[in-house]
Amino acid sequence: MCQHCSRFATERFFSDEDFAAFEKALGKKLVDGTFVRVVNPNQIAQNAGETTFQCSYCGADWVLSVPENDWQGYFLPENQLAEYEEYEQTNTQNQSTFQTTIKGGQKGCGFCLALFFVVLALIIYIIYSVFDFVFDFIF
């Protein structure tokens, strides 16, 4: 990487506006010759959402993954992709484990149900005690 291309590294686009601004800046760099789009037949068959570019100054290959739905995309040097994908895979696994725990919990665990009934019984007892006290106080 060199001073011409290193500032374009982006691990994710947080919004459509971020990606639009990035596309505009990348378009300018394509016009002035800083980046050149590389067409690789193998890449077309593998990943339609990824495009490869090459820096004209240092020759570094860059990969643009277009954001789509929940995928936020990236624009990274090709030599950093393995590390980034490993990080994303680890992060996604941790996130899915967390979401499963929050959404489903442990099935068959009666502790939460028992705790709910104990709290409900306490609330009913407190309401009964208050009415009993008020009724005895009035009559």
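If you're matching positions, the sequence shown starts at 342 in this note's numbering and goes up one per residue. Idealized CB from N, CA, C, for every residue including glycine. Keep in mind the model is a prediction, meaning the values are calculated, not measured.
Exposure label - S470; buried when at least 16 CB within 10 Å
Exposed, since its Cβ has fewer than 16 Cβ neighbours within 10 Å.
Hey, how far is the Cα of H345 from the Cα of C453?
H345 and C453: Cα-Cα distance of roughly 58 Å.
Using the DSSP secondary-structure output, state which residues sit across from C396 in a beta bridge.
Assignment of beta-bridge partners to C396 by DSSP yields F376.
CA-to-CA distance, F458 to F476, given in whole angstroms
Taking C-alpha positions only, F476 is separated from F458 by approximately 27 Å.
Ignore the nearest five residues each way along the sequence and tell me which others in N420's own chain have a CB closer than 6 Å to its CB.
Result list for N420: empty, nothing under 6 Å.
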